[in-house]
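If you read the sequences in order, they're chains B and W.
FYI, in numbering that gives the first Met the number 0 the residues of the first sequence are 0 to 160.
FYI, in numbering that gives the first Met the number 0 the residues of the second sequence are 0 to 160.
Don't be surprised by glycine CBs; every beta carbon is placed ideally from N, CA and C.
Report on the structure given below.
Protein chains: 2
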Amino acid sequence: MRQSLALSLSVSQHQDTRRAPAPFVREIPNGYRDWQWVSSAHEAGDLNSLGAVLGNDIAIKAYREGKLPFPDGSIIAALHYRNVPSDENNKVFGKVQSFVPGAPTNIQFMVKDSTKYAATGGWGFGHFQEGKPADAAFMKPCFPCHEKAKATDLVFTRYAP
Amino acid sequence: MRQSLALSLSVSQHQDTRRAPAPFVREIPNGYRDWQWVSSAHEAGDLNSLGAVLGNDIAIKAYREGKLPFPDGSIIAALHYRNVPSDENNKVFGKVQSFVPGAPTNIQFMVKDSTKYAATGGWGFGHFQEGKPADAAFMKPCFPCHEKAKATDLVFTRYAP
């Protein structure tokens, strides 16, 4: 009986380890809309998004000082919107020239905590649509893709001067 | 003699009035790079720019409260850069998809002071390249163009939620 319980525990622990997804960010960090601007980006193609990357004080300081890796406590937010033509601007310009953020699509976060997120390079990744976090399966590709930006501590976005 | 002096004064005053350009913003407002993000914009065509609009505390508060006209003290900054493909991002994506700010091109400001800038709708316009203000001739079209956005107090850029 004791042996059987031990076996059962061992199996379930093994399964937990194998299946447990790396932790990701499940709550939207407070006050992110007040953070300072890092840069803007336009993703063409299927994404067709226009947005901005903002950073909390710790992240902005690290960016400005060129400090890598980003220290624990750094949070970087990417605010994404549909990339849409601005009818009112284009009327003034007399041509289709001006593209602006349309409906919000998602907000993504990178939260630096080298202990909590050790399994994903010290960064916790988060993706929110209409305030709700994506599930573990959706979050799985974040780290392997960001790992390609190892030279800049997994962060793609550069600080715009 | 007195008559002739009066005439001469009157003529020179008339000329001053006719020629005097409306005042515009000749100094870069302090600390603008720390201001909060209003929105991003991509201008295609000849401009081919990508950038962001930031606002000082007074402007951001007015934006968020939907308060029009903007109160005196509001300053809105438009930071413009060349719109360039990000080679490092595109390598990861495996296609040309990602456009980011390249070299800075200019910074523009709108400073609300309904007394000082009464002649241009209460807004002082500013345009800086490499830290230097544009001349009066360059600044002349700012107001007539922005006047087309009368419904939003001459401000084209909307606040991105």
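Would you call residue i buried or exposed, if buried means 16 or more other Cβ atoms sit within 10 Å of its Cβ?
{"i": "Q35 (chain W)", "result": "buried"}
{"i": "V110 (chain B)", "result": "buried"}
{"i": "G44 (chain W)", "result": "exposed"}
{"i": "G93 (chain B)", "result": "exposed"}
{"i": "S113 (chain W)", "result": "exposed"}
Quick check on residue i: does DSSP put it in helix, strand or coil?
{"i": "I59 (chain B)", "result": "helix"}
{"i": "E161 (chain B)", "result": "The question about residue 161 (chain B) has no answer here: the residues shown for chain B are numbered 0 through 160."}
{"i": "P84 (chain B)", "result": "strand"}
{"i": "P100 (chain W)", "result": "strand"}
{"i": "A150 (chain B)", "result": "helix"}
{"i": "P20 (chain B)", "result": "coil"}
{"i": "N171 (chain B)", "result": "Limits of chain B in this structure are 0 at one end and 160 at the other, which puts residue 171 (chain B) out of reach."}
What does DSSP give as the partner residues of residue i in its beta bridges?
{"i": "K94 (chain B)", "result": "BP columns for K94 (chain B) are empty, so no partner."}
{"i": "A76 (chain B)", "result": "B:L53 and B:F108"}
{"i": "K131 (chain W)", "result": "W:Q128"}
{"i": "S48 (chain W)", "result": "W:E42 and W:R81"}
{"i": "G120 (chain B)", "result": "For G120 (chain B), which the question treats as bridged, DSSP gives no partner whatsoever."}
{"i": "W36 (chain W)", "result": "W:L53"}
Which value, in whole angstroms, describes the spacing of the CA atoms of residue i and residue j?
{"i": "N82 (chain W)", "j": "E42 (chain B)", "result": "12 Å"}
{"i": "K131 (chain W)", "j": "K90 (chain W)", "result": "37 Å"}
{"i": "F108 (chain W)", "j": "A21 (chain B)", "result": "45 Å"}
{"i": "S97 (chain W)", "j": "D86 (chain W)", "result": "8 Å"}
{"i": "E146 (chain W)", "j": "S73 (chain W)", "result": "17 Å"}
{"i": "E64 (chain B)", "j": "P143 (chain B)", "result": "27 Å"}
{"i": "A58 (chain B)", "j": "A118 (chain W)", "result": "42 Å"}
{"i": "A161 (chain B)", "j": "C141 (chain B)", "result": "Residue 161 (chain B) lies beyond the residue range present for chain B, which begins at 0 and ends at 160; the question has no answer from this structure."}
{"i": "M138 (chain W)", "j": "P84 (chain W)", "result": "30 Å"}
{"i": "G123 (chain B)", "j": "V37 (chain W)", "result": "26 Å"}
{"i": "D33 (chain B)", "j": "T151 (chain B)", "result": "24 Å"}
{"i": "L67 (chain W)", "j": "L46 (chain W)", "result": "29 Å"}
{"i": "A135 (chain B)", "j": "T104 (chain B)", "result": "19 Å"}
Please name the residue in the options whose C-alpha comes closest to that of residue i.
{"i": "A77 (chain B)", "options": "B:A61, B:G101, B:G125 and B:E64", "result": "B:G125"}
{"i": "A51 (chain W)", "options": "W:Y80, W:K149, W:K139 and W:V95", "result": "W:Y80"}
{"i": "F23 (chain W)", "options": "W:L67, W:S73 and W:A133", "result": "W:A133"}
{"i": "R48 (chain W)", "options": "B:V99, B:F155 and B:K115", "result": "For clarity, residue 48 (chain W) is Ser in the given sequence; the question names Arg instead. Residue B:V99 is the option with its Cα nearest to S48 (chain W)."}
{"i": "I106 (chain B)", "options": "W:D152, W:A159, W:S85 and W:A102", "result": "W:A159"}
{"i": "L153 (chain B)", "options": "B:P70, B:Y31, B:G44 and B:N55", "result": "B:P70"}
{"i": "Q170 (chain B)", "options": "B:L53, B:A102, B:N88 and B:D33", "result": "Within the shown structure, residues of chain B are numbered from 0 to 160, placing residue 170 (chain B) beyond reach of any answer."}
{"i": "G30 (chain B)", "options": "B:N55, B:K149, B:A19 and B:S113", "result": "B:N55"}
{"i": "L27 (chain B)", "options": "B:L67, B:N88, B:A19 and B:I75", "result": "Before going further, note that residue 27 (chain B) is Ile rather than Leu in the sequence given. Closest by alpha carbon: B:I75."}
{"i": "G120 (chain W)", "options": "W:T104, W:A148, W:V95 and W:L46", "result": "W:A148"}
Let me see if you follow: with CB-CB separation under 8 Å, is residue i close to chain A or not?
{"i": "A77 (chain B)", "result": "Among the protein chains in the structure shown, which are B and W, there is no chain A."}
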